[in-house]
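Undergrad: If you're matching them up, the sequences are chains A and B in order. When we follow this note's numbering, the leftmost residue of the first sequence carries the number 1, and every step to the right adds one. When we follow this note's numbering, the leftmost residue of the second sequence carries the number 361, and every step to the right adds one. After the structure tokens below, expect a handful of questions from me.
Number of protein chains: 2
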Amino acid sequence: MKNKNYYAILMAGGVGSRFWPVSTQDFPKQFHDMLGTGDTLIQKTFNRLANLIPKENIFILTNERYNDLVFKQLPSVAKRQVVLEPEMRNTAPCILYASLKIQKENENAVMIVAPSDHWIEDETEFTNNVQTAFEFCESNDALMTLGIAPTFPNTGYGYIEYNNSSNNKIKPVDQFREKPDYETAKSFLKQGNFLWNAGIFMWSVKTVLNTFKTNQPELYELFKSGYSTYNTEFEDDFIRDNYSKADNISVDYAIMEKSDNVFVIPATFDWNDLGTWGSLYDKLGKDQNNNAVVNSKTLLEDASGNMIRSKKDKIVVVDGLKDYIIVDKDEVLLIFPKTKEQDIKKVLQNVKANFGEEYG
Amino acid sequence: MKNKNYYAILMAGGVGSRFWPVSTQDFPKQFHDMLGTGDTLIQKTFNRLANLIPKENIFILTNERYNDLVFKQLPSVAKRQVVLEPEMRNTAPCILYASLKIQKENENAVMIVAPSDHWIEDETEFTNNVQTAFEFCESNDALMTLGIAPTFPNTGYGYIEYNNSSNNKIKPVDQFREKPDYETAKSFLKQGNFLWNAGIFMWSVKTVLNTFKTNQPELYELFKSGYSTYNTEFEDDFIRDNYSKADNISVDYAIMEKSDNVFVIPATFDWNDLGTWGSLYDKLGKDQNNNAVVNSKTLLEDASGNMIRSKKDKIVVVDGLKDYIIVDKDEVLLIFPKTKEQDIKKVLQNVKANFGEEYG
Chain A
1 MKNKNYYAIL
11 MAGGVGSRFW
21 PVSTQDFPKQ
31 FHDMLGTGDT
41 LIQKTFNRLA
51 NLIPKENIFI
61 LTNERYNDLV
71 FKQLPSVAKR
81 QVVLEPEMRN
91 TAPCILYASL
101 KIQKENENAV
111 MIVAPSDHWI
121 EDETEFTNNV
131 QTAFEFCESN
141 DALMTLGIAP
151 TFPNTGYGYI
161 EYNNSSNNKI
171 KPVDQFREKP
181 DYETAKSFLK
191 QGNFLWNAGI
201 FMWSVKTVLN
211 TFKTNQPELY
221 ELFKSGYSTY
231 NTEFEDDFIR
241 DNYSKADNIS
251 VDYAIMEKSD
261 NVFVIPATFD
271 WNDLGTWGSL
281 YDKLGKDQNN
291 NAVVNSKTLL
301 EDASGNMIRS
311 KKDKIVVVDG
321 LKDYIIVDKD
331 EVLLIFPKTK
341 EQDIKKVLQN
351 VKANFGEEYG
Chain B
361 MKNKNYYAIL
371 MAGGVGSRFW
381 PVSTQDFPKQ
391 FHDMLGTGDT
401 LIQKTFNRLA
411 NLIPKENIFI
421 LTNERYNDLV
431 FKQLPSVAKR
441 QVVLEPEMRN
451 TAPCILYASL
461 KIQKENENAV
471 MIVAPSDHWI
481 EDETEFTNNV
491 QTAFEFCESN
501 DALMTLGIAP
511 TFPNTGYGYI
521 EYNNSSNNKI
531 KPVDQFREKP
541 DYETAKSFLK
551 QGNFLWNAGI
561 FMWSVKTVLN
571 TFKTNQPELY
581 ELFKSGYSTY
591 NTEFEDDFIR
601 DNYSKADNIS
611 VDYAIMEKSD
621 NVFVIPATFD
631 WNDLGTWGSL
641 YDKLGKDQNN
651 NAVVNSKTLL
661 EDASGNMIRS
671 KKDKIVVVDG
681 LKDYIIVDKD
691 EVLLIFPKTK
701 EQDIKKVLQN
711 VKANFGEEYG
């Protein structure tokens with residue numbers, strides 16, 4: 001029997017534009033079966049959380065335009081569980097808003113905030129780590145996070161510096177560090193007490209709301225002023241009228257970096273943010289020439305290290321390509337070197353500028 | 361007013377498998393707008409012949425399975441003008457059969473036999489060349505052909521060796537030569553009296569039928585035995601019962617190589633058989649980096665010499681490819697080096713063997 005006080009907020013409002021042309025504004029990454037397993041990323045994430053958390057306590061935080069996608073892909077989810085941002089803001093406003101709704105429903109709630117579009121290998125270890133954090137949050141006034149042991153000096157992630165003086169599984173956090181340059185990242189790895197910030201947070205609803213009240217009093221008052229409407233028929237009107245007044249700030253900046261009761265558990269599961277085609281490639285099975293293929297039926301000659309994706313069962317014939325991203329959709333074909341994957345955002349901007357916003 | 365004795369037979373039964381995946385058994389090359397001009401190849405060819413020949417005298421020789429495509433793409437064509445092979449044979453049987461039908465309709469006919477899937481640049485010169493041949497055929501017992509001045513020692517074409525002793529526009533043919541090896545082809549070009557055989561023939565119906573009677577008596581008797589049924593409601597039954605008895609031989613072998621009344625006019629128009637993606641590439645307009653694009657909206661970076669084709673207005677993003685054939689269809693994507701274009705036939709065989717006949 002799962003603990004009725006356990007809650008989750010699944011963050012599902014982003015777009016993942018480096019996964020263009022598969023990920024688009026109308027149909028972002030988390031709603032795609034990026035790994036070709038039969039489940040979309042949000043389905044996988046929901047099911048992973050449901051190992052520990054009652055399904056009816058998993059809230060989906062997303063943009064209005066993805067409402068239909070959420071209900072279609074997660075048919076067990078009720079309307080009550082879908083929290084819609086009327087416009088794009090950063091993470092702090094929507095997490096605060098959802099936390100107030102949860103508090104009104106259950107003031108003893110402990111909760112996890114997690115991205116809906118990451119890949120996690122060992123689900124049992126993930127569940128164990130979250131369980132450990134939840135138990136700590138139930139009895140401590142703590143803001144918690146899961147940190148990922150860095151495998152190389154990645155300059156694309158934020159880092160968490162923790163106090164390594166005890167052998168306890170739960171480490172006090174000294175500070176959050178912005179995305180570093182390469183030399184700084186190397187020094188982080190050398191020091192050994194740095195973890196990647198995967199954007200996974202855990203706390204009791206009581207602690208997180210107190211922290212917002214202290215550190216972001218204006219934002220807190222804005223959303224608190226609608227408290228009487230939450231979980232009622234008047235909520236939508238209040239949110240529509242007030243959401244745009246919220247500051248556009250991240251939860252990291254709004255509360256985590258400003259608090260001294262932050263703790264981290266070094267994750268014991270394998271993690272990948274699936275941020276780019278290359279990171280997806282790393283996680284997929286490969287053929288004997290290290291080509292990763294999703295959905296396509298391929299005939300490959302002198303082709304190695306390629307990431308190939310098309311609609312289901314499309315024939316893809318490739319001769320003579322090495323380390324390419326080959327992604328085919330109905331309206332867009334992308335043939336792009338894997339080494340330049342960070343430029344796909346720029347390509348998308350060019351495509352939109354030249355051919356119209358509808359392609360992004 | 362066009363000459364009522366002028367006739368044409370458009371050969372439209374082939375497949376063009378080196379143009380896979382665009383050209384397929386169900387929808388061969390001649391029915392595609394390969395050049396992106398708005399007309400399919402058979403439409404262009406029909407209109408070119410109609411400059412000289414009354415439209416109602418242009419017959420389309422094709423396979424039963426392309427009947428619907430012909431009527432759809434050539435709506436002015438009547439049922440009488442479409443001559444259907446019930447099964448694939450080489451060119452001699454169907455040309456003999458169509459010639460007998462034309463003879464029964466007009467014994468003074470002079471006619472051209474021409475492929476439906478070639479590209480010809482200067483339509484006025486083409487018309488002039490055919491007019492010259494027709495006038496010669498009206499007053500001479502001659503089998504005529506148009507030959508193309510070779511621009512390089514192509515080993516993929518047959519050659520016509522002609523007698524260069526007079527300055528007459530019309531040259532007596534000494535012999536037809538099979539596809540040569542490279543050294544032989546080079547010697548042909550050096551000698552100077554060799555032309556490419558483009559499969560374009562002109563003759564009076566009287567001459568060609570006499571030639572068949574003399575050189576292929578069995579084949580002639582087979583089709584002559586159905587003469588009373590031709591152009592009547594009984595024709596279909598006769599052809600269905602007898603066509604499979606015909607030898608599978610080419611018109612070149614059946615009559616041209618065996619006759620001594622063969623003449624050639626060196627063509628004064630620019631010609632291309634559009635036999636491969638590379639030859640199509642040669643004929644298309646190019647961007648500043650020599651990329652030829654049909655139908656696609658492209659965003660090309662560090663990309664040159666490529667032949668790119670997709671459905672209309674599909675976005676194609678390519679970075680870092682040189683001299684590639686990139687052809688995208690609904691069910692098939694081909695990314696293949698232009699230098700290996702002759703291997704596309706093999707690729708097609710592999711695709712059919714691995715994934716099913718329906719892809720070819």
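Heads up, the beta-carbon is just placed ideally off N, CA and C, and yes, glycines get one too.
(1) What does D287/A touch in chain B if you count any residue whose Cβ is under 8 Å from its own?
(2) So, does the CB of G680/B fall closer than 8 Å to a CB anywhere in chain A?
(3) Within 10 angstroms of the Cβ of E341/A, are there 16 or more other Cβ atoms? Answer buried if so, exposed if not.
(4) Return yes when the Cβ of M371/B is within less than 8 Å of the Cβ of A474/B, no when it is not.
(5) Around the Cβ of Q349/A, are there at least 16 other Cβ atoms within 10 angstroms (buried) or fewer (exposed)?
(6) Please report the distance separating the alpha-carbon of F126/A from that of V205/A.
(7) Thinking C-alpha only, which one of S436/B, G507/B, Y367/B, G635/B is nearest E495/B?
(8) Just the C-alpha distance for V442/B and F419/B, rounded to the nearest angstrom, thanks.
(9) Which residue comes first and which comes last in the beta strand (DSSP E) that contains K531/B?
(10) Kindly list the residues whose CB is nearer than 8 Å to the CB of V375/B, restricted to its own chain and excluding five residues on each side of it in sequence; keep chain order.
(11) Quick check: the Cα distance between D122/A and Q175/A, rounded to an integer number of angstroms?
(12) Can you grab the Cα-Cα spacing for the pair N5/A / D282/A, in whole Å?
(13) If the cut is a Cβ gap below 7 Å, which residues of chain A does E691/B touch?
(14) Please classify K297/A: does DSSP put it in a helix, a strand, or coil?
(15) Check whether chain A comes within 8 Å of I695/B, counting only Cβ atoms and requiring the distance to be less than that.
(16) Hey, is the region 575-590 of chain B in contact with the region 456-464 of chain B, meaning 3+ C-beta pairs nearer than 8 Å?
(17) Going by CA-CA distance only, name the one from G192/A, F46/A, K44/A, I239/A that's closest to L84/A.
(18) Of the choices I344/A, D33/A, E138/A, H118/A, whose alpha-carbon is the least far from that of F269/A?
(19) Start and end of the alpha helix (DSSP H) containing I42/A?
(20) Would you tell me roughly how many angstroms separate the C-alpha atoms of Y324/A and P381/B, rounded to the nearest one?
(21) Please report the Cβ distance between N655/B and S670/B, rounded to the nearest whole angstrom; I am assuming they are in contact, meaning their Cβ atoms lie under 8 Å.
(22) How long is the line joining the alpha carbons of E357/A and D673/B, rounded to whole angstroms?
(23) Give the straight-line distance between the Cα atoms of E416/B and A438/B, rounded to the nearest whole angstrom.
(24) Starting from the beta carbon of N350/A, find every residue of chain B whose beta carbon is closer than 8 Å, and list them in chain order.
(25) Helix, strand or coil for K540/B, going by three-state DSSP, please let me know.
(26) From the DSSP output, read off the bridge partner residues of E746/B.
(27) Run through chain A and tell me which residues come within less than 7 Å of Y719/B, C-beta to C-beta.
(28) Measuring alpha carbon to alpha carbon, tell me which of L74/A, E233/A, E221/A ends up nearest N242/A.
(29) Determine the chain B residues that contact F355/A at a beta-carbon separation under 9 Å, and present them in chain order.
TA: Taking the coordinates as given:
(1) Contacts between D287/A and chain B, judged by CB atoms closer than 8 Å, are missing: the closest CB pair is about 14 Å apart.
(2) The Cβ of G680/B sits closer than 8 Å to at least one Cβ of chain A.
(3) Per the 10 Å Cβ criterion, buried.
(4) Less than 8 Å divides the Cβ of A474/B from the Cβ of M371/B.
(5) Counting the other CB atoms within 10 Å of its CB gives Q349/A a total below 16, which places it among the exposed residues.
(6) Rounded to the nearest angstrom, the two C-alpha atoms are 21 Å apart.
(7) Of S436/B, G507/B, Y367/B, G635/B, the residue nearest in Cα terms is Y367/B.
(8) If you take the alpha carbons of V442/B and F419/B, they lie about 6 Å apart.
(9) Residues 531-537.
(10) S383, T384, Q385, P388, K389, listed in sequence order.
(11) Between the C-alpha atoms of D122/A and Q175/A there is a straight-line separation of about 28 Å.
(12) Taking the straight line joining both Cα atoms gives about 37 Å.
(13) By Cβ distance, chain A contributes K314, I315.
(14) Strand, per DSSP.
(15) Yes - at least one Cβ of chain A is within 8 Å of the one on I695/B.
(16) With a cut-off of 8 Å, the region 456-464 of chain B and the region 575-590 of chain B count as touching, because enough Cβ pairs lie within range.
(17) Nearest option by C-alpha distance: I239/A.
(18) Of the listed residues, the one whose Cα sits closest to F269/A is H118/A.
(19) Annotation for I42/A: the continuous alpha helix (DSSP H) segment containing it runs 41-49.
(20) Taking the straight line joining both Cα atoms gives about 22 Å.
(21) About 5 Å separates the beta carbon of N655/B from that of S670/B, a gap short enough to meet the 8 Å contact definition.
(22) When the Cα atoms are used, E357/A and D673/B turn out to be separated by approximately 15 Å.
(23) Distance between E416/B and A438/B, taken at the CA atoms: about 8 Å.
(24) By Cβ distance, chain B contributes L659.
(25) Residue identity differs from the one stated: residue 540/B is Pro in this sequence, not Lys. In this structure, P540/B counts as coil in the three-state DSSP scheme.
(26) Outside the shown range of chain B (361 to 720) lies residue 746/B, about which nothing can therefore be said.
(27) Per Cβ cutoff of 7 Å: I315.
(28) Among L74/A, E233/A, E221/A, the Cα nearest to that of N242/A is on E221/A.
(29) The answer, in chain order, is K657, L659, D673, I675.
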